[in-house]
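In terms of the numbering used here, the sequence shown has 281 at position 267, counting the first letter as 1, and numbering is strictly consecutive.
Below: the structure, in structure tokens.
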Amino acid sequence: MAAFAVQPPHGGRRLSQTDPYNATIVQRWDQNEYTSIFTVRPDSGACPPFEPGQFTTLGLIDPDAPPKKDGRKPMILRAYSIASSPTVRETMEFYIILVDNGKLTPKLWKLREGGRLWLSPKISGEFTLDGVPADRDMVWVSTGTGIAPFVSMYRRYRGQNRWKRAVVINGCRLARDLGYVSEFERYAREDGNCVYLPTVTREPEGSDWKGLRGRVPLALEPQTYEKLVGAPLVPEQCHVFLCGNPQMIDDVEAMLLQRGFKTHKKRDPGNIHLERYW
Ligand code: FAD
15 MAAFAVQPPH GGRRLSQTDP YNATIVQRWD QNEYTSIFTV RPDSGACPPF EPGQFTTLGL
75 IDPDAPPKKD GRKPMILRAY SIASSPTVRE TMEFYIILVD NGKLTPKLWK LREGGRLWLS
135 PKISGEFTLD GVPADRDMVW VSTGTGIAPF VSMYRRYRGQ NRWKRAVVIN GCRLARDLGY
195 VSEFERYARE DGNCVYLPTV TREPEGSDWK GLRGRVPLAL EPQTYEKLVG APLVPEQCHV
255 FLCGNPQMID DVEAMLLQRG FKTHKKRDPG NIHLERYW
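Right under this line is the structure:
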């Protein structure tokens, strides 16, 4: 049976034959021409439960594909980290970048508020704080929209002693590409245990940018990190979460393995957690 013909397990309405979708975009905020925050409400009125760091799937019918045996056109389905806190029950937030020659995102970009789409009721992923002790530093490292799971984690657990320190490192090409800047700047101002370190690689010299420059791994060099954070990046004290561009993830993982960190696996826990976006 086609995925979009099933009744959502969390009690959604039965989907009609004519509308293959089960959710509506209730808000869209364009950060710039190619990055947007989508707030999506499932028709059921209740989002499926999830842990911060997990992802679900968004989908749109592929108009160019030949129909399947049942006469319906297939969906283009893609995974997206949930940026909202699970305490928000009626909507889910997604932070998405337009991939110009991609299959789904150019179609998604045509939708504004009121646009319909498929929001999978199935939640997946092990990129969570599950099993991570509360007395450690969380080092949340991302490129681009890979900051999304950390937005969810911070929103959910802020002020609840779920970590010793939250260090948020996000790398982009230009300062205008950095997402959730004012939110994390505020958290860092209000919370002595939150350090926000955005870094840019191609911001023109002489612009207003006063922050870090250079690729993400530079901020993780031992002396640089300790100077910026006020504590060392050591395996006894830190859990490092890496999300986004697979090249950044591979580079940082290799660097950390040499410094005594261990990659986390479900049955063999470690302190490097990975979420590759492609
Ligand atoms: P496709 O036709 O699928 O083309 C894929 C190509 O697009 C990749 O080979 C890569 O070159 C590029 N690409 C994919 N994702 C990105 C990206 N984020 N930044 C830059 N280039 C990219 N994307 C988000 O924007 N936000 C998220 O929160 C997010 N969460 C994800 C969670 C998981 C677990 C995974 C596996 C992927 C996630 N992605 C996320 C990527 C997303 O699933 C799609 O791959 C992306 O939106 C492109 O889809 P598309 O059909 O337009 O492009």
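By construction, the Cβ of each residue, glycine as well, lies at the ideal position given by its N, Cα and C atoms.
No experiment lies behind these values; they were computed from the predicted model shown.
According to DSSP, simplified to helix, strand and coil, what is GLY185? strand
As assigned by DSSP and simplified to three states, the class of GLY145: coil
Look up PRO56 in the DSSP assignment and give the residues it is bridged to. ALA37
Assign GLY124 to one of three DSSP states: helix, strand, or coil. According to the sequence as given, residue 124 is Lys; it is not Gly. Looking at LYS124 - three-state DSSP - the assignment turns out to be coil, as it is neither helix nor strand.
At what residues does the beta strand (DSSP E) containing SER95 begin and finish? 89 to 95
Delimiting residues of the beta strand (DSSP E) encompassing PRO212: 208 to 214
Check whether the Cβ atoms of LEU143 and ILE39 lie closer than 8 angstroms to each other. no
Reduced DSSP category for ILE263 - H, G, I as helix; E, B as strand; rest coil: helix
Start and end of the beta strand (DSSP E) containing ARG130? 130 to 133
Can we count ALA162 as close to the ligand FAD, meaning its CB is less than 7 angstroms from some heavy atom? yes
What residue from SER95, LEU131 and LYS178 has the CA that sits closest to ILE137's CA? SER95
Distance between VAL102 and GLY129 (C-alpha atoms, nearest Å): 21 angstroms
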